[in-house]
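**Q** Chains as they are written, first to last, in our numbering: chain A, 25 to 249; chain B, 25 to 249.
As structure tokens, this is what we get:
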């Protein structure tokens, strides 16, 4: 039984400003905690202490307590966390308690693969639309939805209800596509184009630059000699 | 003309330990500087100051000077950097002065798309092998090379001369694949499997967790309400 102070409304951040200011590193740890709790749930574990959770998944118990304390009261000293309850509350905090609608912008090799990878058999994400500027792609399908013309981006966003855009256009097209997505009402963009995008306020941009990640590895190999 | 103190050997880090200790954030900035210099080269720009470089690409001039100073003497006060020279030296520092040989481990949707994306028409990266445990994939091709059996990983690494592995196996298979790659002599691994891998010394592991990146965006959307 969850004690009174573990009521769901305690999960909400104090205010939106605090929540939006949460660092990516903290958020990424919340994602890891949730993933760990889901593993425990599948194994039938009902209750766990921060120390046990840390030991099992190579985490820091103090960091777990600090991160969770930021968002409310969880667990009971000496009793630990209710695994299902904490998982449910992290799920809600991360916005994963309903399916998020993805739009793939640029359906080349990477875009189509990411559409399949991110939206496949997933409770939290669903590809609802794809757009491309290449006429020969229009009408083909990605993750079960037809590819529509990039020129009709605004209409596609409105009809599909897309909330998150996955930006997989060439570098030289990324800034313009970013602007059009924001104009169309999109407020969250995962960008794979290898370019620094000039951002607009109120929009969350996450850059994933695969080339730069590879260059961390080549640097290491070169330094080894 | 490059002054004497800009000789290429100055580009080498003081020692391997320092080099390996360079933070990912610093390395990622070096990648961005190189990309910016390559843009300037294409435009025919021959010389640029740290201030001009910063203004043009939304960087910090002090950070540029500090990052570069870590690896040797560049540029001349009041004259700036020789764009071609600095680009060549960053290219060498990042190990991009020769083509790196990639092995794709797990040739599903994501693995095959990444192989095409990272190794396509690229001076610095080349997919030299792909392995998978699915019998129906063996003998098919990825980026022009035949897919070979995962069971023969050691032989594939030896014959292909692969140096960097792109790990795109399911989460539950990642730790075992990591161990087999290290045993086969691989020292640099780009992991896309959504799992925390227990690392071994002397091997550089870079994790790219697309799901966790998406969850940064869903958190933001949920917090906006």
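Where a beta carbon is used, it is the ideal one built from N, C-alpha and C, also for glycine. Computed from a predicted structure; not experimentally measured.
Taking a cut of 7 Å between CB atoms, which residues from the segment 175–206 of chain A lie near chain B?
**A** Those residues of the segment 175–206 of chain A that come within reach of chain B (Cβ to Cβ, closer than 7 Å) are 187 and 188.
**Q** Please classify residue 203 (chain B): does DSSP put it in a helix, a strand, or coil?
**A** Three-state result, residue 203 (chain B): helix.
**Q** Along the chain, where does the beta strand (DSSP E) containing residue 189 (chain B) start, and where does it finish?
**A** Element bounds for residue 189 (chain B): 188–191.
**Q** Could you tell me which of B:72, B:119, B:149 and B:224 sits nearest to residue 54 (chain B), measuring between CA atoms?
**A** The shortest C-alpha separation from residue 54 (chain B) is found at B:119.
**Q** Give the single residue among A:180, A:234 and A:248 whose Cα lies nearest to the Cα of residue 190 (chain B).
**A** Nearest option by C-alpha distance: A:234.
**Q** Relative to the C-alpha of residue 169 (chain B), which candidate in B:160, B:178 and B:155 has its C-alpha closest?
**A** Answer by Cα proximity: B:155.
**Q** Counting only runs that start and end within the segment 79–131 of chain B, where is the alpha helix (DSSP H) found for 4 or more residues in a row?
**A** Listed in chain order, they are 85–93 and 107–117.
**Q** Report the residue from B:140, B:177, B:176 and B:183 whose alpha carbon sits nearest the alpha carbon of residue 165 (chain B).
**A** For the residues B:140, B:177, B:176 and B:183, the minimum Cα distance to residue 165 (chain B) belongs to B:140.
**Q** Three or more C-beta pairs closer than 8 Å, one from the segment 64–77 of chain A and one from the segment 91–110 of chain A: is that the case here?
**A** Counting Cβ pairs under 8 Å, three or more are found: they touch.
**Q** To the nearest angstrom, how far is it from the Cα of residue 248 (chain A) to the Cα of residue 56 (chain B)?
**A** One C-alpha to the other measures close to 22 Å.
**Q** Could you spell out where the alpha helix (DSSP H) holding residue 181 (chain B) opens and where it closes?
**A** 177–184 is the extent of the alpha helix (DSSP H) around residue 181 (chain B).
**Q** In whole angstroms, what is the alpha-carbon distance linking residue 69 (chain B) and residue 89 (chain A)?
**A** Rounded to whole angstroms, residue 69 (chain B) to residue 89 (chain A) spans 53 Å at the Cα level.
**Q** Using Cβ-Cβ distances below 7 Å, what residues of the segment 223–245 of chain A are close to chain B?
**A** Residues passing the 7 Å Cβ filter: 228, 230, 232, 234, 236, 237, 238, 239, 240, 241, 242, 243, 244 and 245.
**Q** Kindly list, in the order they appear in chain A, the residues whose Cβ is closer than 7 Å to that of residue 140 (chain B).
**A** Ordered by position in chain A, the residues that pass the 7 Å Cβ test against residue 140 (chain B) are 133.
**Q** So, is residue 28 (chain B) buried or exposed, given that buried needs 16 or more other C-beta atoms within 10 angstroms?
**A** Reliability of the predicted coordinates at residue 28 (chain B) is poor, the pLDDT of 40 falling under 50, and no value is obtained from them.
**Q** Confirm, please, whether the CB-CB distance from residue 129 (chain A) to residue 171 (chain A) is below 7 Å.
**A** Not in contact: residue 171 (chain A) and residue 129 (chain A) (Cβ atoms no closer than 7 Å).
**Q** Cα-Cα, which of B:227, B:229, B:239 and B:81 is closest to residue 230 (chain A)?
**A** Nearest option by C-alpha distance: B:239.
**Q** Does the distance from the CB of residue 58 (chain B) to the CB of residue 114 (chain B) come in under 7 Å?
**A** A contact, by the Cβ cut-off of 7 Å.
**Q** Reducing DSSP to helix, strand and coil, say where residue 210 (chain B) ends up.
**A** It is coil, neither helix nor strand.
**Q** Along chain E, which residues have their Cβ under 7 Å away from the Cβ of residue 81 (chain B)?
**A** Checking the listed chains, one finds no chain E in this structure; the protein chains it contains are A and B.
**Q** Got a sec: which bits of the segment 146–168 of chain A sit with their beta carbon under 7 Å from any beta carbon on chain B, in order along the chain?
**A** Here the close residues are 149.
**Q** Please confirm whether residue 198 (chain B) and residue 222 (chain B) have their CB atoms less than 7 Å apart.
**A** Contact flag unset, no.
**Q** Short of 8 Å in beta carbon distance, which residues of its chain neighbour residue 107 (chain A), apart from the five on each side in sequence? Order them along the chain.
**A** Cβ neighbours of residue 107 (chain A) beyond the five flanking positions: 61, 64, 65, 69, 70, 71 and 72.
**Q** Just verifying my parser: in three-state terms, what is the DSSP assignment at residue 224 (chain A)?
**A** Three-state DSSP puts residue 224 (chain A) in coil, outside helix and strand.
**Q** Starting from the Cα of residue 135 (chain A), find the closest Cα among A:117, A:161, A:124 and A:116 and give me that residue.
**A** Comparing Cα-Cα distances from residue 135 (chain A) to each of A:117, A:161, A:124 and A:116, the minimum goes to A:161.
**Q** Taking a contact to mean a Cβ-Cβ separation below 7 Å, would you say residue 227 (chain B) touches residue 206 (chain B) in this structure?
**A** Their beta carbons are under 7 Å apart, which means residue 227 (chain B) touches residue 206 (chain B) by this criterion.
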